[in-house]
Every structure is written in structure tokens, then in C-alpha cells.
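**Q** Before anything else, here's the structure in question.
Numbering (the working numbering), first residue to last: 2 to 169.
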């Protein structure tokens, strides 16, 4: 049966099976934090931005941080213990996590093979309060506890990392 379900349907089924409370808020497509400013005022949660990154050694990272965080990639790689970082290419994004630019979300780990990409969550989001992320598409925001994002990633076979990423 799983083969006939879309990735988003599998996501909702997994959330339900895990007993996780969540809410889905439909909205027009947004591709950037700037475009989402209006939506943020309507959805009460910690808002996020997600960066699909690759280091010089070929390792991939999905970095989820508070929406307003300023991130300097030159200063992030030492915190992650990896080589210099750059943005990953859209074809690698689609291949590894099954989403396209604008729809990146930590919940895309449902599509990733364990070990293929490392999920890194800022410690401000690893909390028991609502965090807003895309449900594999950029025309909705799904709110769930940040700790539940971590639990889901672990349930899909990943070892997410929680890092204190000061505004760099």
C-alpha cells in the first residue's frame, strides 16, 4: 500500500501512526523567507528556513534554523565538523530528499536514505512548542513540536544533530 501513497500522504500517515499532533495551514506558494512574511503573521509558531548544503568532501546537510537567523557558511562548517560548505544543487536535492527548491523541509528526511544526508536543527527549534515547516511542498505550512521533528527523523533512520548556531 505504501507504494501507491504520495510522499506527503506517507508523511501524514507516519505522523498519525506516531501520535504526533500537527496542523496544516494552506497558503499561496512561497519560495523565500521574505515571501513568507505575510504568512508568518497568520500562523503562530517558530518559523524556519532550511538550507540544503554540501561540503567539499561530498557530504550533504539539511540545516534548519529560525527564519530570521543570519547564517555565514564560512563560520558554520567548523561547528558541524565538516569541510567548507556551499549550497547543494537542485538535482542532488531532488535525488536525496525528494523536494525542489522552495519546498525544503526537515520532514523531507522521510525520502532520504539513512546516512545520505545529515539533518542539523538549531537548538532554538528543538523544543516542545510549534515549529512551522513545509509538508514537502511550499503551498502549506505544517506546525508540530520541534522535538517531534527530531523524533520523526529518528524514526526514519536518521541521526539528527542539534547545534547551537548563533547568528553568524
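Just so you know, even glycine gets a beta-carbon here, dropped at the ideal spot from N, CA and C.
Model, not experiment: these values are computed from the prediction.
DSSP three-state call for residue 133: helix, strand or coil?
**A** Here residue 133 sits in strand by DSSP.
**Q** Please report how far the alpha carbon of residue 153 lies from the alpha carbon of residue 21, in whole angstroms.
**A** Taking the straight line joining both Cα atoms gives about 9 Å.
**Q** Please return the same chain residues whose Cβ sits closer than 7 Å to the Cβ of residue 84, not counting the five positions on each side in sequence.
**A** Answer for residue 84: 56, 57, 58 and 78, listed in chain order.
**Q** Could you give the DSSP three-state label for residue 43: helix, strand or coil?
**A** The answer is helix: DSSP assigns residue 43 an H, G or I state.
**Q** Please state whether DSSP places residue 1 in a helix, a strand or coil.
**A** Because the chain is modelled from 2 through 169, residue 1 falls outside the range shown and cannot be assessed.
**Q** Whose C-beta lies closer than 6 Å to the C-beta of residue 110 among residues of the same chain, with five residues either side of it excluded?
**A** Only 120, 154, 157 and 159 meet the Cβ criterion.
**Q** Once you ignore the five residues that flank residue 90 on each side, which residues in its own chain have a CB closer than 7 Å to its CB?
**A** Same-chain partners within the cutoff: there are none.
**Q** Taking DSSP as the reference, what is the three-state secondary structure of residue 107?
**A** Three-state result, residue 107: helix.
**Q** Between residue 113 and residue 163, how many whole angstroms is the CB-CB distance? I'm expecting something under 8 Å.
**A** At roughly 18 Å, the Cβ-Cβ gap does not stay under 8 Å, so residue 113 and residue 163 are not in contact.
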